[in-house]
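Residue numbers (full-length UniProt numbering): 1 to 591.
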């Protein structure tokens with residue numbers, strides 16, 4: 001790789017977060033998104049109907065634009081267009097949501113305000129609910145809502161949505177919306193840098209799918225660089241270099257060529273199973289969030305699906321299923337709308353899993369997505385979410401369980417059901433009772449029931465929990481967040497959120513010991529599993545399998561095949577004895 005030499009002038013390094021891999025040096029285009037300017041005029045009561053018609057027209061125009069963009073994206077399937085199409089179809093669902101349209105019309109009628117202001121206020125209400133969510137997944141859907149809002153207001157105000165970006169440039173912005181990523185990709189942008197964003201936003205997913213290097217959380221960079229200047233974007237290290245010297249630009253170009261060769265070599269590992277240098281097998285499975293990801297991750301040849309997230313199908317509905325809706329879904333899981341989409345998603349994931357495991361996590365949602373009966377919470381991260389919501393809304397739980405069973409009943413995969421945010425034995429027993437009742441209608445199905453270990457209480461109670469589950473999956477992201485009292489989406493405490501903390505390794509070890517005692521499998525599906533060095537330690541601790549996003553699979557397979565199990569066990573024992581993060585990080589660097 002390249003090396004950055006400190007210079008009196010040039011090579012200014014900006015640290016951010018790596019969102020999509022890639023390395024590129026080229027000219028910058030600073031994309032200044034304008035603040036929304038709203039009309040403050042009041043309308044007369046006789047103007048209400050006319051204003052509502054304007055909003056309806058804007059909705060139709062933006063929905064038509066979105067449909068056309070989705071069609072264009074579908075033509076680029078080889079370069080990640082399927083992911084873009086999936087996101088755009090979600091945008092279309094929001095634009096057609098009757099509840100949303102009704103709320104905007106009601107605002108215009110009761111407050112006698114302009115259409116653009118009504119749209120802004122209604123969308124702001126949705127955004128505020130997402131902001132106080134206890135779910136990082138839902139917080140990171142905010143850019144989609146902002147994106148749709150901006151496009152609607154721009155349409156009402158007749159603003160030009162075309163962005164003049166030159167080919168082969170690096171776009172630098174405060175924030176990037178999903179539709180903008182798609183437009184940039186069509187203009188052959190080679191890199192993207194943003195001051196804000198999230199690792200699981202739709203913008204990030206599209207950038208990954210299209211192979212565009214993306215670095216986010218680069219504070220202040222829009223004021224530190226000008227259009228036309230050169231920069232380096234490194235989506236591997238999560239850094240941006242402005243004012244690069246000619247020597248650095250040349251080194252980056254050379255490194256880009258070397259990386260391309262390395263990626264070709266890693267492709268040879270795709271078809272090989274995960275194993276150590278001494279032949280000890282460690283199944284490497286994949287985490288999936290969107291249907292659009294399935295084709296892309298299939299080329300990495302995962303050994304099953306270690307985590308299938310289903311929240312996006314909850315989000316698509318814009319609200320929780322009512323009692324009647326949930327029962328309708330249970331009676332007709334292959335029906336239309338949201339349940340049909342989830343059925344197709346499950347079946348495609350089952351095809352990918354083959355005769356290996358398909359691990360489906362039940363809805364892990366927060367109270368913000370249940371507006372019909374949820375109340376505002378002071379601290380939703382510690383409130384009504386995950387299994388707590390499912391157990392208080394049994395028809396929703398039963399509907400999803402039945403839908404899953406019905407969807408995959410004719411597939412050879414080994415089905416696993418994963419309960420989110422378990423804190424007690426009662427959580428598991430109540431879900432199992434519901435499942436057992438449903439299984440009377442599926443006599444030939446024998447799904448395993450397991451839990452996400454992501455809160456300290458589950459670790460404390462792990463031996464008792466191991467008595468009533470068939471497997472466990474350690475979610476190191478939330479486990480780290482709750483154990484270290486550090487919100488992983490809060491940049492002010494980012495330094496405290498570190499999965500290499502000695503406490504996290506000891507918690508993982510405690511779970512592994514309990515699972516081995518009961519002879520049940522334990523996997524790790526958080527970001528720690530995707531870290532090649534950490535994967536070696538996890539294997540040494542005795543974790544049964546690892547699950548991660550598809551692009552990380554080759555790197556983890558490669559490092560596992562470079563070391564023996566004996567060495568991994570030795571280093572794992574060492575990491576359990578350290579007292580500081582720095583000591584733990586030194587052990588990780590051994591691999």
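C-beta atoms are modelled at their ideal positions from N, C-alpha and C, and glycine is treated no differently.
| Asked | Found |
| --- | --- |
| Taking all protein chains shown into account, do 16 or more other C-beta atoms lie within 10 angstroms of the C-beta of residue 60, making it buried, or fewer, making it exposed? | exposed |
| Would you grab the beta carbon distance between residue 349 and residue 288 for me? Rounded to a whole angstrom, and I think it's under 8 Å. | 6 Å |
| Looking at the unbroken alpha helix (DSSP H) that takes in residue 385, where does it start and where does it end? | Element bounds for residue 385: n/a, residue is neither H nor E. |
| Looking only at DSSP bridge pairs, what is residue 450 linked to? | 418 and 471 |
| Rounded to whole angstroms, what's the CA-CA distance from residue 429 to residue 281? Just pull it up for me. | 32 Å |
| Please name the residue, chosen from 196, 171, 197 and 176, that lies closest to residue 188 on a Cα-to-Cα basis. | 171 |
| Does residue 41 pass the burial test, meaning 16 or more other C-beta atoms within 10 Å, or should it be called exposed? | exposed |
| By Cβ distance below 7 Å, which residues in the same chain neighbour residue 579 in space, the five residues on each side in sequence not counted? | 502 |
| Answer with buried or exposed for residue 530, where buried requires no fewer than 16 other C-beta atoms within 10 angstroms of its C-beta. | buried |
| Can you give me the start and stop residues for the beta strand (DSSP E) that residue 170 sits inside? | 170-173 |
| At the level of alpha carbons, what is the spacing between residue 450 and residue 459? | 14 Å |
| Count the other C-beta atoms from every protein chain shown that fall within 10 angstroms of the C-beta of residue 596, then say buried if there are 16 or more, exposed otherwise. | With the chain covering only 1 through 591, there is no way to say anything about residue 596. |
| Three-state secondary structure (DSSP) at residue 31? | strand |
| What does DSSP give as the partner residues of residue 191 in its beta bridges? | 170 |
| Should residue 105 go down as buried or exposed, given a rule of 16 or more other Cβ atoms within 10 Å for buried? | buried |
| Under three-state DSSP, which class holds residue 59? | helix |
| Throw me the rounded Cβ distance for the residue 298 and residue 352 pair, which I believe falls under 8 Å. | 6 Å |
| I'd like the span of the beta strand (DSSP E) that includes residue 17, first residue to last. | 17-20 |
| Taking only the alpha-carbon atoms, compute the straight-line gap between residue 126 and residue 154 and give it to the nearest angstrom. | 19 Å |
| The alpha helix (DSSP H) spanning residue 308 covers which residue range? | From DSSP, residue 308 is part of no alpha helix (DSSP H) but of the beta strand (DSSP E) over 305-308. |
| Going by alpha carbons, who is nearest to residue 100 out of 111, 145 and 85? | 145 |
| What number of angstroms, rounded off, separates the C-alpha of residue 577 from the C-alpha of residue 522? | 22 Å |
| Residues in its own chain within less than 7 Å of residue 541 by CB, not counting five upstream and five downstream? | 508, 509, 512 and 572 |
| Report the three-state DSSP secondary structure of residue 216 (helix, strand or coil). | strand |
| With DSSP as the reference, label residue 367 as helix, strand or coil. | Summary for residue 367: the model assigns pLDDT 42, below 50, so the residue's position carries little reliability; its value from the coordinates is reported in the next sentence. Looking at residue 367 - three-state DSSP - the assignment turns out to be helix. |
| Give the straight-line distance between the Cα atoms of residue 249 and residue 528, rounded to the nearest whole angstrom. | 32 Å |
| Using DSSP with H/G/I as helix, E/B as strand and the rest coil, what is residue 23? | strand |
| By DSSP, does residue 438 sit in helix, in strand, or in coil? | helix |
| Going straight from the alpha carbon of residue 138 to that of residue 19, what length do you get? | 18 Å |
| Only counting the same chain, and skipping five residues up and downstream in sequence, which positions put a Cβ closer than 6 Å to that of residue 29? | 165, 169, 171 and 227 |
| Of the residues 435, 452 and 425, which one's Cα is nearest the Cα of residue 401? | 435 |
| Across which residues does DSSP place residue 547 in a beta bridge pair? | 285 |
| Grab me the residues of residue 17's own chain with a C-beta within less than 6 Å of its C-beta, minus the 5 sequence neighbours each way, in chain order. | 216, 217 and 238 |
| Kindly indicate which residue of 532, 505 and 518 has the alpha-carbon position closest to the one of residue 593. | A question about residue 593 goes unanswered here, because the residues of the chain that appear run from 1 up to 591. |
| How would you label residue 584, buried or exposed, when you count the other beta carbons within 10 angstroms and need 16 or more for buried? | buried |
| Kindly indicate which three-state DSSP category residue 359 falls into: helix, strand or coil? | strand |
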